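Trainee: Its first residue numbered 1, the sequence shown is counted upward by one per residue in our numbering.
Each residue gets a CB set at the ideal place from its N, CA and C atoms; glycine is no exception.
These numbers come from a predicted model, not from an experiment.
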Amino acid sequence: MPRLKFVNLSFNVLSKPIEVSLDKRWEELRNLVLNSTYVNWESVRKILEHLPSLEELHLSLNDYNNVALHNTSSSCACTENKNDNCECHSSALEKKHSVIRILHFTGNLVQDWKEVSKLGYAFPNLESLVVAECPIKSLDIAAEAKECPNKNYERSESSPESSSRSESPHDTFRSLKIINLNSTHLSSWDEIERLARFPALQCVRLQGCPLGEGNEYTEHERRQLLIARLPNVKTLNGGGVISAEEREDAERAFIRYYMDKPESDRPERYFELVQIHGKLDSLVNVDLRPEKRVKITFTCGSNSEVKSVGI
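#1: Any idea if T299 is buried or exposed, counting beta-carbon neighbours within 10 angstroms, 16 or more meaning buried?
#2: Beta carbon of R194, beta carbon of D265: below 8 Å?
#3: Rounded to whole angstroms, how far is the Cβ of L181 from the Cβ of R205, which I believe are closer than 8 Å?
#4: According to the neighbour-count rule (16 or more other Cβ atoms, all chains shown, within 10 Å of its Cβ), is H169 buried or exposed?
#5: Quick check: the Cα distance between R293 and V306, rounded to an integer number of angstroms?
#6: Taking R101 as the reference, which of R30, T218, P290 has the closest Cα?
#7: Mark K118 as exposed unless 16 or more other C-beta atoms lie within 10 angstroms of its C-beta, in which case mark it buried.
#8: V20: which of E42, K177, I47, L4 sits nearest, CA to CA?
#9: Label S36 either buried or exposed according to how many other C-beta atoms from any shown protein chain fall within 10 Å of its C-beta, with 16 as the threshold for buried.
#10: How is the alpha helix (DSSP H) around R197 delimited, first residue to last?
#11: To the nearest angstrom, report how far apart R252 and H277 are at their CA atoms.
#12: Can you list, in chain order, the residues of its chain whose CB lies under 6 Å from that of E127, leaving out five sequence neighbours each side?
#13: Pick out the complete beta strand (DSSP E) segments inside the stretch 211-280, 3 residues or longer, and give them in chain order.
#14: Please report the straight-line C-alpha distance between G212 and W189, rounded to a whole angstrom.
#15: Using alpha carbons as the reference points, say which of C203, N66, F254, E219 lies closest to N237.
#16: Any idea what DSSP makes of I141, helix, strand or coil?
Structure, rendered in structure tokens:
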């Protein structure tokens, strides 16, 4: 089947090790679907080695609680020989699958973004990532940030291999344009601040998350707060392109939302937007509800009496 371009093996149990002949290569295969096959990572690695043109990969509903697409061994001869110029770790994270652009990883058990970031190492040119319905609680992978929750990350095009700073959530996703985080466990606005630092991100889905749940925000207010925090995102939750008017309204609403809060509670984005729009006046609270009581004058002959009557 040398011309095969699409293969769907979903719901076929492939949990046992898969043997692939070394001389077999499917040069034309572009799309592979392995949803709910429980295929193990060793088999996935073997399969990918024989698909040099693969662009779209589906690994949803496989109960993965980690990612093992490369050798993560931390021991090497360089360490034993105290070689400061060791490149073994870089080799272990060699980016072999640079053609893959789209990855579906829905409904797996991965909780830590550090595991998700390994997908970026394996697929360095990934443009679309779906991790919906995974129990991800945070996009933070730096241990230091757990002690310093207000740590900021820069949206930067610099090399992720730089050793001058701690790893950032976006280091391995520098080409990512689309991300689906629906029904994950993200619950803090800090996660949106981190998401805003992804250098190429344009489309975001964040429905069904505990973020901003409760009676504190209406759906419209939640959307405005998200748009204001994501300055480079063009579409949110599958809607149309965010217009310049909607973005400006959202950013002004964001300023007014935080302007009456203590300065310590204001996020960095607040000060950025004040630099753009200036300090705004509070909106006048105009009550346009109709009157519930009216005054009526009752007259009988020469006697008159004014009473307030409910309507």
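Mentor: Reading it off the structure:
#1: exposed
#2: no
#3: 6 Å
#4: Correcting the residue identity first, residue 169 is Pro in this sequence and not His. Looking at its Cβ environment, which holds 16 or more other Cβ atoms inside 10 Å, P169 is buried.
#5: Each residue's Cα considered, the two are about 13 Å apart.
#6: R30
#7: buried
#8: I47
#9: buried
#10: Careful: R197 lies outside any alpha helix (DSSP H) and carries neither H nor E.
#11: 7 Å
#12: R101, S175, K177
#13: none
#14: A straight-line Cα-Cα distance of about 8 Å links G212 and W189.
#15: C203
#16: Three-state result, I141: coil.
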